[in-house]
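In my numbering, the protein residues as written are 246 to 543.
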């Protein structure tokens with residue numbers, strides 16, 4: 246597909262007020278072509294034409310997103326490719342959903358104390374929730390915006406559905422719920438994840454923080470508790486700001502790595518599933534770490 250055709254398809258997926266003002270360039274066209282290739286490589290059995298996928302990407306960027314290659318790099322492109330195909334009722338994509346994602350959802354529901362007949366009922370409802378639309382509204386798979394993994398997004402949707410049905414032994418009467426019909430898509434799923442897993446995530450972060458090297462913990466304290474900028478931190482340690490930024494990035498990576506491992510144990514899920522859940526709640530990381538650092542010795 247030519248660069249101009251890709252950019253035209255991308256323009257067609259934008260909301261009307263952005264469509265008229267959109268000006269693409271060669272770099273964006275290359276990035277769009279690469280995004281389509283990545284989706285094909287990740288799901289080789291799932292055929293999806295480039296124009297359809299590119300229009301789908303444009304629709305997921307939101308009204309305020311910068312329409313450039315950097316915005317695309319922040320999306321889970323391979324998962325958006327599969328979600329787009331599922332929204333098109335692509336038979337091969339549905340087979341992937343059934344073969345690779347639903348067994349993990351079944352396992353998570355079972356660990357939460359849902360009986361087998363309840364699991365069967367919930368998974369069937371989840372299929373309808375995700376894939377079956379109405380004349381007024383498509384299936385909920387259309388709400389996936391690629392801000393995390395599709396697997397984690399669907400697992401959280403299943404957990405929410407389980408809790409609303411009262412079929413999970415871990416449900417608490419005081420827990421607030423987000424409506425299954427909530428139109429906010431990823432934001433609704435992430436909000437539930439933050440509530441559902443906050444305690445486990447904070448415990449996992451605390452354990453990871455305790456094992457963090459002294460310098461990395463001090464760097465995070467300076468930034469998150471004392472409000473120091475990267476430039477200020479660089480001056481304190483006598484290094485370039487790029488080095489200070491790299492140190493801070495590594496400190497966060499160490500916490501996330503440790504937290505994911507502990508989260509998998511605490512929730513009784515596979516490490517990959519724990520990583521997906523952590524991705525959904527990653528925006529809570531700085532808040533949790535800052536609060537924990539206030540209670541830990543320097």
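Glycine included, each C-beta is placed from N, C-alpha and C at the ideal position.
Nothing here was measured: the structure is a model prediction, and the numbers come from that model.
Length of the line joining the Cα atoms of residue 347 and residue 264: 37 Å
Residue 457 (DSSP reduced to helix, strand or coil): coil
Of the listed residues 488, 408, 392 and 502, nearest to residue 193 (C-alpha basis): As displayed, the chain neither begins before 246 nor continues past 543, which places residue 193 out of reach and without an answer.
Sequence-distant residues of the same chain with beta carbon closer than 6 Å to residue 473, five excluded per side: 467
Residue burial classification, residue 451 (beta-carbon count within 10 angstroms, cutoff 16): buried
Alpha helix (DSSP H) runs contained entirely in the segment 263-303, provided each spans 4 or more residues: 271-287
Span of the alpha helix (DSSP H) around residue 471: Per DSSP, residue 471 belongs to no alpha helix (DSSP H) and is neither H nor E.
Any chain D beta carbon closer than 8 Å to residue 303: As a matter of chain content, chain D is missing from the structure shown, which is built from one protein chain.
Residue nearest to residue 276 in terms of C-alpha spacing, selected from 318, 249 and 250: 318
Inter-stretch contact (C-beta, 8 Å, three-pair minimum) for the segment 253-261 and the segment 297-315: Touching, yes.
Any non-hydrogen atom of the ligand MG within 7 Å of residue 277 CB: Judged by which ligands are present, the structure shown has none, so any question about the ligand MG falls away.
CA nearest to the CA of residue 268, picked from 252, 409, 291 and 379: 252
Own chain residues within Cβ distance below 8 Å of residue 310, not counting five before or after: 316
Proximity of residue 395 and residue 294 at Cβ, strictly below 8 Å: no
Nearest to residue 254 (by Cα), restricted to the options 296, 290, 247 and 266: 296
Straight-line gap, residue 333 to residue 247 (C-alpha atoms, nearest Å): 23 Å
Cut-off 7 Å between Cβ atoms - residues of its own chain near residue 548, not counting five sequence neighbours on either side: Within the shown structure, residues of the chain are numbered from 246 to 543, placing residue 548 beyond reach of any answer.
Per-residue burial, residue 532 [other beta carbons within 10 Å of its own, 16 or more giving buried]: exposed
Assigned secondary structure, residue 532 (DSSP; H/G/I helix, E/B strand, else coil): helix
Validate contact between the segment 336-352 and the segment 273-292 using beta carbons, cut 8 Å, 3 pairs: yes
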